[in-house]
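Participant: Numbering-wise, the sequence shown is residues 1 to 306 according to our numbering.
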Amino acid sequence: ELASIVPSAAEAHLSLMKAHRIEGIVKPLGWLKVYAGEKSFAGTLEERQTIERLGANVQTLNQDELRQLEPALSPHFTHGAFQPDNHFVTSPLKLTEAYAQALIVLGGRFLGEKVTRFEFDGARVRKVITDLGMHEADNVVVCAGAWSGRICEMLGFGVPLDTERGYHLNIGAEDNPKLSRPVVVGDHSFVLAPMQDGIRLTSGIEFAGIDAPPDFRRIRRMVPLAQKALPGLGDKITREWVGCRPSTPDSKPVIGVASGIPNVFLGFGHGHLGLTLAARTGYVLADLVSGRVPSVDLMPFSAGRF
Ligand SMILES: Cc1cc2nc3c(=O)[nH]c(=O)nc-3n(C[C@H](O)[C@H](O)[C@H](O)COP(=O)(O)OP(=O)(O)OC[C@H]3O[C@@H](n4cnc5c(N)ncnc54)[C@H](O)[C@@H]3O)c2cc1C
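#1: Taking the continuous alpha helix (DSSP H) assigned at Pro-224, which residues delimit it?
#2: Within the continuous beta strand (DSSP E) that includes Thr-60, where are the two ends?
#3: Answer with buried or exposed for Pro-246, where buried requires no fewer than 16 other C-beta atoms within 10 angstroms of its C-beta.
#4: Taking the runs of the beta strand (DSSP E) that are 3 residues or longer, which of them lie wholly in the region 3 to 67?
#5: Taking all protein chains shown into account, decide if Arg-150 is buried (16 or more other Cβ within 10 angstroms of its Cβ) or exposed.
#6: Looking only at its chain, what residues have a beta carbon closer than 7 angstroms to the beta carbon of Lys-252, apart from the 5 residues adjacent to it on each side?
#7: On the CB-based measure, 16 or more other CB atoms within 10 Å of its CB, does Met-134 come out buried or exposed?
#8: What span of residues does the alpha helix (DSSP H) with Val-105 cover, start to end?
#9: What are the start and end residues of each continuous beta strand (DSSP E) run of 3 or more residues lying completely inside the region 151 to 194, in chain order?
#10: Should the region 225 to 240 be regarded as contacting the region 172 to 182, the criterion being three or more beta carbon pairs within less than 8 angstroms?
#11: In three-state DSSP terms, what is His-272?
#12: Determine, using beta carbons only, whether Gly-24 comes closer than 8 angstroms to chain C.
Next comes the structure, spelled out in structure tokens:
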């Protein structure tokens with residue numbers, strides 16, 4: 001069911017970026033997973049077969065081909081799975097800022113207020129109450145990531161939404177070894193990605209709720225493994241970050257109209273794919289809010305499926 005929206009995700013970003021002249025942030029550099037040894041690579045067979053069955057391109061690479069693609073990687077990696085058609089965001093912050101600017105140019109505004117409750121007129125929401133005031137609303141779109149469950153409660157219904165928290169840290173050094181694309185070290189489930197401001201090490205799924213303070217010990221413990229994977233990588237940590245992946249029990253987002261509240265639209269729960277699917281979901285929500293029929297069947301993504 002996710003395959004009904006994921007394959008067009010990059011196209012949606014490219015189309016939105018083209019419309020707003022946003023350039024140079026999203027690049028078709030592919031997604032590479034590497035393994036040290038036949039056994040661990042063989043364990044990914046079902047995953048690779050599933051990707052192919054769903055129509056995506058995944059190539060198997062041997063040690064020599066890996067070295068040609070990413071010469072700086074440690075030679076102890078013997079097997080790779082490469083998805084050449086995947087796109088890579090070199091700076092999520094810059095992409096987000098560029099989209100925000102595009103919205104402002106179109107007449108949108110960012111208020112920076114915290115929604116605390118809603119007022120109804122019959123079945124429809126008429127007012128959004130925030131910590132700083134009140135806003136009349138023709139339509140309401142709930143896209144508050146992992147916090148969307150709390151917003152839905154304010155609207156009078158529940159969704160089983162939790163957060164898979166994840167961590168990254170940036171190793172920023174001008175003499176970092178060069179990577180050309182994000183690389184997943186499959187045996188240890190971490191990603192090394194060449195961002196605009198250094199090599200980013202990402203890992204972890206932590207079930208600790210939204211409000212727990214971050215615990216950076218685990219991601220810091222991955223640094224020696226990252227240095228083994230990418231010899232010459234320094235240890236100058238220039239930034240640490242924790243984020244909340246908004247996750248549902250079946251790993252699918254909630255996209256659609258809220259049941260019984262015709263002017264409330266839902267777009268959250270994208271888990272590990274929230275950046276990937278942001279533009280795609282945006283187009284679907286734009287269709288719904290504008291009264292057009294979206295090009296995708298939304299039944300699998302309905303809040304009522306739980
Ligand atoms: C370590 C890590 C790595 C990841 N890597 C990838 C990746 O490679 N590719 C990918 O596609 N995804 C990735 N993700 C997932 C992606 O980051 C999320 O799915 C995405 O950020 C969710 O976007 P969102 O807009 O739904 O929610 P968010 O980005 O969390 O935004 C929610 C917004 O709602 C606001 N909000 C909350 N409560 C209220 C309220 N009461 N009133 C008003 N506003 C409110 C918040 O302030 C926030 O601005 C990663 C996540 C993590 C943690």
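Backbone N, C-alpha and C define an ideal beta-carbon position, used for all residues, glycine too.
Facilitator: Quick answer:
#1: Here residue 224 is taken as the residue at index 224 of the sequence shown, counted from 1. 223 to 229 is the span of the alpha helix (DSSP H), which, as asked, contains Pro-224.
#2: For the purposes of this step, residue 60 is identified with residue 60 of the sequence shown, where counting begins at 1. Counting along the chain, the beta strand (DSSP E) containing Thr-60 begins and ends at 59 to 61.
#3: Mapped onto the sequence shown, residue 246 falls at position 246. With 16 or more other Cβ atoms within 10 Å, it is buried.
#4: 31 to 35 and 59 to 61
#5: Taking the first residue of the sequence shown as position 1, residue 150 is located at position 150. So Arg-150 ends up on the exposed side.
#6: The residue you call residue 252 lines up with position 252 of the sequence shown. The beta carbon of Lys-252 is closer than 7 angstroms to those of Glu-1, Leu-2, Pro-300 and Phe-301 in its chain, skipping five residues each way along the sequence.
#7: Looking up residue 134 in the sequence shown gives position 134. Met-134 comes out exposed.
#8: Here residue 105 corresponds to residue number 105 of the sequence shown, with the count starting at 1. Its alpha helix (DSSP H) spans residues 92 to 105.
#9: 162 to 171 and 183 to 185
#10: yes
#11: Mapped onto the sequence shown, residue 272 falls at position 272. It is helical.
#12: Here chain C cannot be found, since the structure has a single protein chain.
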